[in-house]
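Per numbering that gives the first Met the number 0, the very first residue in the sequence shown carries number 0; after that it's consecutive.
In what follows, a structure is listed as structure tokens, so that the remarks can point back to it.
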Amino acid sequence: MRPLFQVSLLFLSGLGVLHASLLTDLHLRYVKEGMRPFLIASGVILLLLAAAETVSYWRRGRGDGTGEANEDHDGADEDHDGDGHGHDHTSVPRVAWLLLLPALSLLFYAPPALGAYTASREPSKAVKERDHFDPLPTTSPVPLTLTEFTSRVQQDREQGIKGRSVLLTGFVTPGSEGDGWYLTRLILSCCAADAQSVKVRIHGARDLPADTWVSVTGTWHSGGTLGTSSAPVALDARTVTKIARPVNGYTDALPLPTTR
């Protein structure tokens, strides 16, 4: 592989990683916030490797006094001394240039964050079993994460959520065959490859485009037995308000409470 190609690949990869993790928040589309220091370190190492390769190539050129021309001559000699068929094995295979595309994409066109397309193709993440639930605050509506709402609907035997107005935030995931929509959050353990979704079915609200971020207030949509697995994880919406996507959208964070 040509030194110029190696240096270009290392330099662009390092620059792309640093751009995504140090200069912008693009890395939050692909990994958890805790991975940021490791990405920064990786970007720095790639740039140092590119610099070291550049210095090494420059020294080799000065040492033999011929530079690039000598490299081409040596490559030609290898063609004849090797298999004798005159094939140039020192050139970069054309397919190798595709390695530059991921690096360039981080600089000029970063892939979008995961959203409704991913969430619609997997079941909701199973929530942990809980034996105790603290009483809900007197605030109305009560701000809850989607995970907390799910747990209280299907595990809280005291039915503390019954009749209470709650506030949830997430993005819209259309139901199958246009059958309503779900309020959704994607949660990462490490990176986008292990994303899991948590969903709440929304009733009584007009359809919205996929991936629209919204705040929803409403009450539990009755069905089955509240506090057991037969209870649907669903909400009768009273208000739906569009909001901006959070900087770190891969967390099931508490929404900001509304003022009354």
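All C-beta atoms, glycine included, are put in the ideal place defined by N, C-alpha and C.
Among the residues of its own chain, which have a CB less than 6 Å from the CB of residue i, if the five just before and after it don't count?
i	result
Thr-238	Thr-216
Leu-17	Gly-42
Leu-21	Ile-39
Pro-245	none
Ala-19	Leu-25, His-26 and Leu-105
Val-165	Pro-140, Val-141 and Leu-143
Tell me the rounded alpha-carbon separation between residue i and residue j.
i	j	result
Leu-167	Asp-235	12 Å
His-131	Phe-107	49 Å
Thr-224	Trp-212	30 Å
Asp-76	Arg-59	Low per-residue confidence applies at Asp-76: pLDDT is 48, beneath 50, and the placement is therefore not dependable enough to give any value.
Thr-117	Val-94	29 Å
Trp-180	Val-54	57 Å
Ala-261	Asp-178	The requested residue 261 does not occur in the structure, where the chain is confined to residues 0 to 259.
Thr-227	Asp-155	8 Å
Val-199	Asp-206	15 Å
Phe-148	His-26	29 Å
Val-197	Arg-163	21 Å
Cys-190	Gly-33	10 Å
Gly-159	Trp-96	60 Å
Ser-150	Arg-1	57 Å
His-220	Lys-161	9 Å
Lys-127	Tyr-56	56 Å
Gly-174	Ser-104	32 Å
Ile-242	Arg-61	60 Å
Gly-169	Asn-247	12 Å
Ala-115	Pro-136	31 Å
Leu-3	Val-232	57 Å
Ala-112	Tyr-249	9 Å
Glu-157	Asp-133	10 Å
Ala-204	Arg-28	28 Å
Ala-109	Val-30	14 Å
Pro-254	Ile-201	17 Å
Thr-23	Ser-119	29 Å
Ignore the nearest five residues each way along the sequence and tell me which others in residue i's own chain have a CB closer than 8 Å to its CB.
i	result
Asp-193	Leu-187
Pro-208	Val-171
Leu-8	Leu-98, Leu-99 and Ala-102
Leu-145	Leu-167, Gly-169, Leu-182, Thr-183, Arg-184, Val-197, Lys-198, Val-199 and Asp-251
Ile-44	Gly-13
DSSP state of residue i, grouped into three classes?
i	result
Gly-42	helix
Arg-120	coil
Thr-149	helix
Val-232	coil
Pro-110	coil
Pro-36	helix
Val-94	helix
Val-54	helix
Ser-221	coil
Arg-244	coil
Pro-208	coil
Ser-139	coil
Arg-59	helix
CB-CB under 7 Å to residue i, same chain, minus the five flanking residues each way: which ones, in chain order?
i	result
Ser-229	Gly-223
Gln-5	Glu-52
Thr-240	Val-213 and Ser-214
Val-152	Ile-160, Trp-219, Leu-225, Ala-230 and Val-232
Is the Cβ of residue i closer than 8 Å to any Cβ of chain C?
i	result
Gln-5	Absent from the structure: chain C. Only one protein chain is present.
Is the number of C-beta pairs between the region 44-51 and the region 13-33 that are closer than 8 Å three or more?
yes
At which residue ranges does the region 155-206 contain complete alpha helix (DSSP H) runs of 4 or more residues, listed in the order of the chain?
none
Give a yes or no on contact between the region 118-127 and the region 20-39, applying the rule of three or more CB pairs nearer than 8 Å.
no
What are the start and end residues of each continuous alpha helix (DSSP H) run of 4 or more residues lying completely inside the region 0-30, in chain order?
Runs found: 2-17.
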